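Start counting the sequence shown at 317; every next residue gets the next number (my numbering).
Even for Gly, the Cβ is constructed at its ideal location relative to N, Cα and C.
These numbers come from a predicted model, not from an experiment.
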Amino acid sequence: MISMALYQKTRVITVFAVSELISLVFLFAFGLATLLYDKFPLTNAYESALLSLHISFAMLTAFLGVALFALGTMSGDKALFYLGTANIIFIGIAAAGGLLFYSTLNPVYSYIMALSFVGSFFSTTGYLFRSI
């Protein structure tokens, strides 16, 4: 029999994991739109709006990733701790790759950002499966 405190803790982790996955989906969608419709340097308002939405969802994903890491650490589950650590590392690498790409326009950094996004998506999905 599962205790009510453990059930509520895993339910909160599940809600945060689903929220981060939704945030990652929107982050991907606006990143793809930025890739397809933006030309650098930005000249139109819609281009800066797409880039702003992409960056906003990146920050939301980072905040949710930190919250997931904290919840996983407080749960005492080693697997959630390791998934949270991997998620934070992937988010940090993606953020660094994105900032370096927008400052240098070197496409290598966009690949780093994309691969780190995939790593973050997989680790967040692992959070979701582990918390169910």
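Does Gly392 pass the burial test, meaning 16 or more other C-beta atoms within 10 Å, or should it be called exposed? What you label residue 392 is simply residue 76 of the sequence shown in a count that begins at 1. With fewer than 16 other Cβ atoms within 10 Å, it is exposed.
Extent of the continuous alpha helix (DSSP H) run through Gly408: Locating residue 408 in the sequence shown gives position 92, counting from the first residue. Counting along the chain, the alpha helix (DSSP H) containing Gly408 begins and ends at 394-420.
With a threshold of 6 Å on Cβ separation, who are the neighbours of Ile428 within its own chain once the five nearest residues in sequence on each side are excluded? Here residue 428 corresponds to residue number 112 of the sequence shown, with the count starting at 1. So the qualifying residues of the chain are Gly413.
Outcome for Met320 when other beta-carbon atoms lying within 10 angstroms are tallied against a minimum of 16: Locating residue 320 in the sequence shown gives position 4, counting from the first residue. Its pLDDT being 48, under 50, Met320 is placed unreliably in this model, and the coordinates cannot settle the point.
Close beta carbons around Met317, own chain, < 6 Å, minus the five adjacent residues each side: For this step, residue 317 is matched to residue 1 along the sequence shown. Its pLDDT being 44, under 50, Met317 is placed unreliably by the model, and the measurement read from it follows with that caveat. Once the five neighbours on either side are set aside, Met317 has no close Cβ partner at all.
Could you pull out every residue in the same chain whose Cβ sits closer than 6 Å to the Cβ of Leu337, ignoring the five residues on either side in sequence? Here the question's residue 337 lines up with position 21 in the sequence shown. Taken in chain order, the residues that qualify are Thr440.
What three-state label does DSSP hand Phe373 in the structure shown? By 1-based counting over the sequence shown, the position of residue 373 is 57. Helix.
Give me the Cα-Cα distance between Gly408 and Phe385, rounded to the nearest whole angstrom. Along the sequence shown, read from residue 1 onward, the residue named residue 408 stands at position 92. Along the sequence shown, read from residue 1 onward, the residue named residue 385 stands at position 69. In a straight line, the C-alpha of Gly408 is about 13 Å away from that of Phe385.
Using only the alpha-carbon positions, how far apart do Ser432 and Tyr353 sit? On the sequence shown, residue 432 is found 116 positions in, with the first residue counted as 1. On the sequence shown, residue 353 is found 37 positions in, with the first residue counted as 1. Approximately 22 Å, taken between the alpha carbons.
For Asn403, does the count of other Cβ atoms within 10 angstroms reach 16, so buried, or fall short, so exposed? Here residue 403 corresponds to residue number 87 of the sequence shown, with the count starting at 1. Buried, since its Cβ has 16 or more Cβ neighbours within 10 Å.
C-alpha gap between Pro357 and Thr326, whole angstroms: Numbered from its first residue, the sequence shown carries residue 357 at position 41. Numbered from its first residue, the sequence shown carries residue 326 at position 10. Approximately 45 Å, taken between the alpha carbons.
Which residue marks the beginning of the alpha helix (DSSP H) containing Pro423, and which one marks its end? What you label residue 423 is simply residue 107 of the sequence shown in a count that begins at 1. Residues 423-447.
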